[in-house]
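Written below as structure tokens is the structure these notes are about.
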Amino acid sequence: MKRVLYLLFSLLFLYSFNTVSAEESWDIKNFHSDISILQDGTVSVTENITADFGTVEKHGIFRDIPVVYLKDDGDEYYTKIELQNIIQDGNQAKYEVNKNGNYIQFKIGDPDKTISGRHTYAITYLATGILRSFEDHDELYWNVTGNDWQVSIEKASTKIVLLKNGLLKNTCYEGAFGIQGGDCTNQKISEREVLITSSRMYNPGEGLTAVVGYTKGMVPILVVEKPDPVKDFLNAVFSPLGIAGFIIPLFLVSWFIGGKWYKSGRDLWFKARFPNDPSAREEIRPIGARETLVVEFEPPEKLRPAEIGVLIDERADTLDVTSTIIDLASRGFLTIKEEPKKWLFGSTDYVLTKLEKSEKDLLNYEKELLKRLFETGIEVKISSLKTKFYDDLKKVKEKLYADIADKKLFIGNPESIRGKYLALGIVILVLGFVLLFFMSGITFYVIPFASSTVFAGLITIIFSQIMPRRSAKGYELYQRAKGYREFLSRAEKYRAQFFEKKNMFPEILPYTIVFGVTEKFANAFKELGIEPPRPTWYVGTGHFSPTHFGTQMNAFSSSLSNAIASAPKSSGGFSSGGSSGGGFGGGGGGSW
59 MKRVLYLLFS LLFLYSFNTV SAEESWDIKN FHSDISILQD GTVSVTENIT ADFGTVEKHG
119 IFRDIPVVYL KDDGDEYYTK IELQNIIQDG NQAKYEVNKN GNYIQFKIGD PDKTISGRHT
179 YAITYLATGI LRSFEDHDEL YWNVTGNDWQ VSIEKASTKI VLLKNGLLKN TCYEGAFGIQ
239 GGDCTNQKIS EREVLITSSR MYNPGEGLTA VVGYTKGMVP ILVVEKPDPV KDFLNAVFSP
299 LGIAGFIIPL FLVSWFIGGK WYKSGRDLWF KARFPNDPSA REEIRPIGAR ETLVVEFEPP
359 EKLRPAEIGV LIDERADTLD VTSTIIDLAS RGFLTIKEEP KKWLFGSTDY VLTKLEKSEK
419 DLLNYEKELL KRLFETGIEV KISSLKTKFY DDLKKVKEKL YADIADKKLF IGNPESIRGK
479 YLALGIVILV LGFVLLFFMS GITFYVIPFA SSTVFAGLIT IIFSQIMPRR SAKGYELYQR
539 AKGYREFLSR AEKYRAQFFE KKNMFPEILP YTIVFGVTEK FANAFKELGI EPPRPTWYVG
599 TGHFSPTHFG TQMNAFSSSL SNAIASAPKS SGGFSSGGSS GGGFGGGGGG SW
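Letter by letter, the sequence shown follows residues 59 to 650 in my numbering.
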């Protein structure tokens, strides 16, 4: 039963991978093999194949050689084939080596180029485990051409050379699989050389086989053990080459990206902490340097909420844009009106109304935001921005980054710097996965290298997030912004200063949104018994209290962020953008 299954598997393999058929009108003019038995017990084989494609356009040929055989008792017998080189028409050939079940395949040719007419191929490889020992002699029993070509072979021959004199007997067979005979010529040239040639043209499915017996013990009889993928994998991974393959890429990329961060990614600072002092020197902030947090009771340098948001986390977030809208409202450029739910499971909507006020003192990103919000009129519903404001949001963020750059708070645009290293990390990561999934089948030694490359890509992606660098001025304002956040998040601790700010509740509110402390800030008013005035720019449906208003502002911020950051959905295959060949799936195939 095992023998039958083996035969069926072989037939299926040949059906799947021998794409050349007799109907394609090409043939093999000559198949000559030079075989040498080497000192170490391996056998060197060079197959010289002359193929004539005639007018048929092909990329090349492929050669399938079995590496697993069946013994008479049904057990499997293993050999090893190691490719040395392939020459096509006297030049180095393009080729692929594939392991397909019990066969190794050499696929020769350029996938970007077709050829026709006559071409010669020289395939050199080492075979291990193909010599056998008997009571009175050792033996090479070798199917020279193979019997599974689907085209005719006009002429076949082989020259077999022993290591030294010791040839005892030789014979040959030709024809279909299982034929015990034939009129092939079996010529003994010397005590160490045999030349065997075919007597006729071979039809598809026919071939030439040679047998040479020689003195026992001339070379060792090598045995190839059954492949153990787990053992082979562990041997490869923990071999010196495997360990080096894992460590070297990881070390090189980590050294490069770590060095880049060490020299160009760490923030600058004024060592003396006095930026207005001409003697204050700007230098790279040391790793692990600690500074006392000084509480600030107002925004440093009158920075707007979005600017502080970028300064804190080095990126222009949707929340920064949301805080800007509330900031513009508190400064009299627009009003926000709450529209209650229209049904039980509906959601609250908000209406923004633009007010007449000069914009000449606004920052560029603030002007851009107002322009894009009110492109269609002086009123806009938040719900109407969903999937439509996505591209506008990008433009506003670009202006915000430009504003930060103009004020020299960072060395370069944080988004561009982050994007550059992120792209590099993605390239390294993809390269690692390509090696892992497409090259590891060739040898397990690729796996440590590929895995290391994947980790190196991930490290680069992680480091890309901290590569933007604050200037000394930017770092100084960053520290002060943290001090301002300390005040807003722990207002009850600074009661005196807080009472001084009680009438500035609406103006401070956008900063609490950026810092994420809106409810804390509102609760502090309640605990201290302070009743700030109702903001004139917000029209709500319920009673006014700091805590209730804080909750409303969080809800508004969340609703607005979701609306303006929502990307439009793709159109799909049923729209006017669909076409034949589009979408997923597809594919096809043909002969090589």
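Backbone N, C-alpha and C fix where the C-beta goes; we use that ideal spot for every residue, glycine too.
How should T594 be labelled, buried or exposed, when 16 other C-beta atoms within 10 angstroms of its C-beta is the threshold for buried? Exposed, because fewer than 16 other Cβ atoms sit within 10 Å of the Cβ of T594.
Which of the three DSSP states is assigned to S248 in this structure? Reduced to three states, the DSSP call for S248 is strand.
Y179, enclosing beta strand (DSSP E) - first and last residue: Start and end: R176 to T186.
If I follow the unbroken alpha helix (DSSP H) through E437, where does it start and stop? Not the alpha helix (DSSP H): E437 falls in the beta strand (DSSP E), residues E437 to K439.
Contacting residues, own chain, Cβ-Cβ under 8 Å from D461 (five flanking each side not counted): Counting only Cβ-Cβ distances below 8 Å, and skipping sequence neighbours, we find E365, L421, N422 and Y423.
Count the other C-beta atoms from every protein chain shown that fall within 10 angstroms of the C-beta of P472, then say buried if there are 16 or more, exposed otherwise. Classification for P472: buried.
Please list the terminal residues of the continuous alpha helix (DSSP H) segment that includes P18. Any answer about residue 18 is impossible in this case: the structure gives the chain only from 59 up to 650.
Look up S94 in the DSSP assignment and give the residues it is bridged to. S94 pairs with S102 and V219.
At least three beta-carbon pairs within less than 8 Å, the stretch 448 to 460 to the stretch 512 to 519: Three or more beta-carbon pairs separated by less than 8 Å are not found between the stretch 448 to 460 and the stretch 512 to 519, which leaves the two stretches without contact.
Classify W319 as helix, strand or coil using the three-state DSSP reduction. Annotated three-state conformation of W319 is helix, per DSSP.
Opening and closing residue of the alpha helix (DSSP H) in which R190 lies: From DSSP, R190 is part of no alpha helix (DSSP H) but of the beta strand (DSSP E) over L189 to S191.
Which one of L225, G263 and S509 has the shortest CA to CA distance from K246? Looking at the Cα atoms, L225 is the closest of the given residues.
Compute the Euclidean distance between the alpha carbons of V368 and A481, then round it to the nearest angstrom. In a straight line, the C-alpha of V368 is about 21 Å away from that of A481.
Going by C-alpha distance, which of Y479, L392 and V103 is nearest F428? Sequence check: residue 428 is Leu here, not Phe. If we check each option's Cα against that of L428, L392 comes out closest.
On a Cα-Cα basis, can you pick out the residue from L413, S510 and R528 that is closest to Y459? From the listed residues L413, S510 and R528, the smallest Cα separation to Y459 is found for R528.
Considering only the alpha carbon of each residue, which of T406, S83 and K412 lies closest to A387? Taking only the C-alpha atoms, the option nearest A387 is K412.
Quick one: any contact between the stretch 163 to 172 and the stretch 105 to 120, if contact means 3 or more CB pairs under 8 Å? Put simply, the stretch 163 to 172 touches the stretch 105 to 120. At least three CB pairs are less than 8 Å apart.
Quick one: grab the DSSP three-state call for P298. Here P298 sits in helix by DSSP.
Within a Cβ cutoff of 8 Å, which residues of the same chain sit near Y73, ignoring the five residues on either side of it in sequence? Since pLDDT at Y73 reaches only 44, below the 50 mark, its modelled position is unreliable, and no value is offered.
Enumerate in chain order the residues of its own chain whose CB-to-CB distance from S628 is below 8 Å, with the five nearest sequence positions on each side excluded. Unreliable placement is indicated for S628, whose pLDDT of 49 sits below 50; the coordinate value is still reported in the next sentence. Nothing listed; no residue qualifies.
Beta-carbon proximity list for E414, same chain, < 8 Å, skipping 5 on both sides: Hits under 8 Å: none found.
Can you tell me the Cβ-Cβ gap for D241 and S257, rounded? I've got them flagged as a contact below 8 Å. D241 to S257, Cβ: 4 Å. Contact.
Sequence ranges, beta strand (DSSP E) only - wholly within the stretch 128 to 155, length at least 3: Counting only unbroken stretches of 3 or more residues, the beta strand (DSSP E) elements lying wholly within the stretch 128 to 155 are 134 to 136 and 138 to 146, in sequence order.
What do you reckon, are the CB atoms on K227 and M276 nearer than 9 Å? No. Outside cutoff.
Using CA coordinates, which residue listed in K466, A621 and I237 is at the minimum distance from D449? Of the listed residues, the one whose Cα sits closest to D449 is A621.
Is it true that the stretch 175 to 184 meets the stretch 144 to 156, where meeting means three or more beta-carbon pairs spaced less than 8 Å apart? Short answer: they touch.
Shortest alpha-carbon distance to E359 belongs to which of M497, V155 and Y533? Taking the Cα of E359 as reference, the smallest distance to any Cα among M497, V155 and Y533 is reached at Y533.
Report the CB separation of K138 from V282 in whole angstroms; it is logged as a contact under 8 Å. Right, their Cβ atoms sit about 5 Å apart.
Along the chain, where does the alpha helix (DSSP H) that runs through P506 open and close? That run of the alpha helix (DSSP H) goes V504 to S522.
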